[in-house]
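Enquirer:
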Ligand SMILES: Cc1ncc(C[n+]2csc(CCOP(=O)(O)OP(=O)(O)O)c2C)c(N)n1
Ligand SMILES: [Mg+2]
């Protein structure tokens, strides 16, 4: 279990910090508590990372609200926010390196931006117009960016687990020693066949993969208590012959450090790890959902007090690395950048329907060519 330390003790070097692997699947690895105070020494972090993480979380919260507004105004068709889960998504996502391949679920769009996918592509994917480099072929929130090795979410839940496991095996077969794959999933996904198949396969092959489960305690209207009788989700990993880590998902630094440890282990050739980030979905499942129909809002209020943004901000303010003025400026700049991007992207032309016929085959088969030609000539297809 995590050990307590005096509030005033200075951050110690990495060697003196608690090892997330020692905390294990039944404990809860935590560095910073709800008051922004260190319960375990925060190891030395890359220069500027902690501030960058706060900025990314603030940016994502602002972006999510704007995108949800667009959906409410009928300007995009669907949206799923990460509200309350920014720490789990960004803390884990920031731990991967540019050469790693990520297979995200619904709430990791912030990680695509973190890895360098341009904001206009994020917004354009939700509009699905001619500015979208994925050509409107996916429903919103299915960002995909080859340059940053961030692959499109497949809507069937838990497919990310088997996809990441398969990609990690391919990495081994091809002998790409320095590459790790990351597969994201939710708590609900742990009841799917792909979860079993993916973890089993990765365990057997000791593949370089890290599974990150954002346990937000709800799978649309199904609570965690109806999802599993296991004590934790992390403990399930042991049955597949891999370690399971359980982390406070609203502690962005704990998520970063634990995921980093898992990635480094995989990179050393020591095999997969399953990381459960315990968090809470503060908003609805998606723009199609109203959580007040099935959950007690006092529960959500309790988790609002554990907001990952507030906690991390308190930690940074106490260290003199953040203040209200800086935040006001940052939010004003972010809001302006988001508005400018939305205006630019929304103005793009709709996609030409002819694009439906391209990029499916290396060489278009005669039957498809015929259908396209008849479509263009306005004849029955
Ligand atoms: C195989 C499959 N079954 C059902 C659905 C419908 N569905 C979409 S999201 C979801 C719940 C997902 O819950 P969880 O895995 O906890 O992820 P969260 O949305 O909470 O992040 C369900 C049942 C689906 N997309 N795929
Ligand atoms: Mg869930």
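Numbering (the working numbering), first residue to last: 30 to 410.
We put the beta carbon where it would ideally sit given N, CA and C, even for glycine.
No experiment lies behind these values; they were computed from the predicted model shown.
Taking residue 169 as the reference, give the member of 113, 97 and 228 with the closest Cα.
Expert: Of 113, 97 and 228, the residue nearest in Cα terms is 97.
Enquirer: Output the residues surrounding ligand 2, defined as those with a CB atom closer than 6 Å to any ligand heavy atom, in chain order.
Expert: Going by the Cβ distance cut-off, the answer is 215, 216, 217, 245, 247 and 248.
Enquirer: On the three-pair Cβ rule with 8 Å, is the stretch 206-226 touching the stretch 237-249?
Expert: Cβ pair count under 8 Å is three or more, so yes.
Enquirer: Where does residue 47 land, buried or exposed, given buried means 16+ other C-beta within 10 angstroms?
Expert: So residue 47 ends up on the buried side.
Enquirer: In or out: residue 246 buried (at least 16 other Cβ within 10 Å) or exposed?
Expert: Residue 246 comes out buried.
Enquirer: CB residue 460 to CB residue 290, shorter than 8 Å?
Expert: Residue 460 is absent from the structure shown; the chain starts at 30 and stops at 410.
Enquirer: What does the Cβ neighbour count give for residue 143, buried or exposed, with the cut at 16 atoms within 10 Å?
Expert: Flag for residue 143 reads buried.
Enquirer: Shortest alpha-carbon distance to residue 73 belongs to which of 354, 392 and 283?
Expert: Measuring from the Cα of residue 73, the nearest candidate turns out to be 283.
Enquirer: Hey, would you say the C-beta of residue 72 is under 7 Å away from at least one heavy atom of ligand 4?
Expert: Of the ligands one can find in the structure shown, namely ligand 1 and ligand 2, none is ligand 4.
Enquirer: Kindly examine ligand 1 and report whether one of its heavy atoms sits closer than 7 Å to the Cβ of residue 221.
Expert: Under cutoff, so the answer is yes.
Enquirer: With 16 other CB atoms within 10 Å as the buried threshold, where does residue 363 fall?
Expert: By the 10 Å Cβ count, residue 363 comes out buried.
Enquirer: Exposed or buried, what is residue 133 when buried is set at 16 or more other beta-carbons lying within 10 Å of its beta-carbon?
Expert: That one is buried.
Enquirer: By the three-class DSSP mapping on this structure, what secondary structure does residue 302 have?
Expert: Residue state, collapsed to three classes: strand.
Enquirer: If the criterion is Cβ atoms closer than 8 Å, does the pair residue 214 and residue 190 meet it?
Expert: Yes, Cβ-Cβ distance for residue 214 and residue 190 is below 8 Å.
Enquirer: Just to confirm, is the Cβ distance from residue 11 to residue 359 under 8 Å?
Expert: Coverage of the chain is limited to positions 30 through 410, which leaves residue 11 absent and any answer about it impossible.
Enquirer: Beta-carbon within less than 8 Å of residue 400's beta-carbon, same chain only, minus the 5 sequence neighbours each way: which residues are those?
Expert: Closer than 8 Å at Cβ, skipping near neighbours: 386 and 410.
Enquirer: Per DSSP, residue 244 forms a beta bridge with which residues?
Expert: Beta-bridge pairing links residue 244 to 307.
Enquirer: Let me know the secondary structure DSSP gives residue 284 once reduced to three states.
Expert: Of the three classes helix, strand and coil, the one that applies to residue 284 here is helix, per DSSP.
Enquirer: Under 8 Å between the Cβ atoms of residue 286 and residue 304?
Expert: Cβ distance not < 8 Å, so residue 286 and residue 304 don't count as in contact.
Enquirer: Am I right that residue 341 and residue 116 are in contact with their C-beta atoms under 8 Å? What's the rounded C-beta distance?
Expert: 7 Å between Cβ atoms; contact.
Enquirer: Any heavy atom of ligand 1 closer than 7 Å to the beta-carbon of residue 225?
Expert: No, since every heavy atom of ligand 1 falls outside the 7 Å radius drawn around the Cβ of residue 225.
Enquirer: Would you mind working out which of 82, 93, 395 and 384 sits nearest residue 161, comparing C-alpha positions?
Expert: Ranking 82, 93, 395 and 384 by Cα distance to residue 161 puts 384 first.
Enquirer: Determine, using beta carbons only, whether residue 330 and residue 65 come nearer to each other than 8 Å.
Expert: No, the Cβ-Cβ distance between residue 330 and residue 65 is not below 8 Å.
Enquirer: Give me the residue from 175, 347, 152 and 228 with the minimum Cα distance to residue 212.
Expert: Comparing Cα-Cα distances from residue 212 to each of 175, 347, 152 and 228, the minimum goes to 228.
Enquirer: Where residue 398 and residue 408 are concerned, what is the direct C-alpha to C-alpha distance, given to the nearest angstrom?
Expert: Roughly 13 Å separates the two Cα atoms.
Enquirer: Considering only the beta carbon of each residue, do residue 292 and residue 209 sit closer than 8 Å?
Expert: Result yes, Cβ atoms of residue 292 and residue 209 sit closer than 8 Å.
Enquirer: Between the stretch 140-156 and the stretch 312-324, can you find at least three pairs of beta-carbon atoms closer than 8 Å?
Expert: With the cut-off at 8 Å, the stretch 312-324 and the stretch 140-156 do not touch.
Enquirer: For residue 402 and residue 183, what's the separation of their Cα atoms in angstroms?
Expert: Distance between the alpha carbons of residue 402 and residue 183 is about 31 Å.
Enquirer: Looking at the secondary structure, which residues open and close the beta strand (DSSP E) in which residue 210 lies?
Expert: That run of the beta strand (DSSP E) goes 210-215.
Enquirer: Compare the beta carbon distance of residue 131 and residue 206 with 8 Å and say whether it is the shorter of the two.
Expert: No.
Enquirer: Would you mind sorting residue 197 into buried or exposed? The rule is 16 or more other CB atoms within 10 Å of its CB.
Expert: Residue 197 comes out buried.
Enquirer: So, with DSSP's three-state summary, where would you put residue 232?
Expert: Of the three classes helix, strand and coil, the one that applies to residue 232 here is helix, per DSSP.
Enquirer: In whole angstroms, what separates the C-alpha of residue 51 from that of residue 302?
Expert: One C-alpha to the other measures close to 13 Å.
Enquirer: Count the other C-beta atoms from every protein chain shown that fall within 10 angstroms of the C-beta of residue 138, then say buried if there are 16 or more, exposed otherwise.
Expert: Answer is buried; the Cβ neighbour count reaches 16.
Enquirer: Along the alpha helix (DSSP H) that carries residue 149, what are the first and last residues, could you check?
Expert: From DSSP, the alpha helix (DSSP H) with residue 149 extends over 148-156.
Enquirer: Taking DSSP as the reference, what is the three-state secondary structure of residue 410?
Expert: If DSSP states are grouped into helix, strand and coil, residue 410 belongs with coil.
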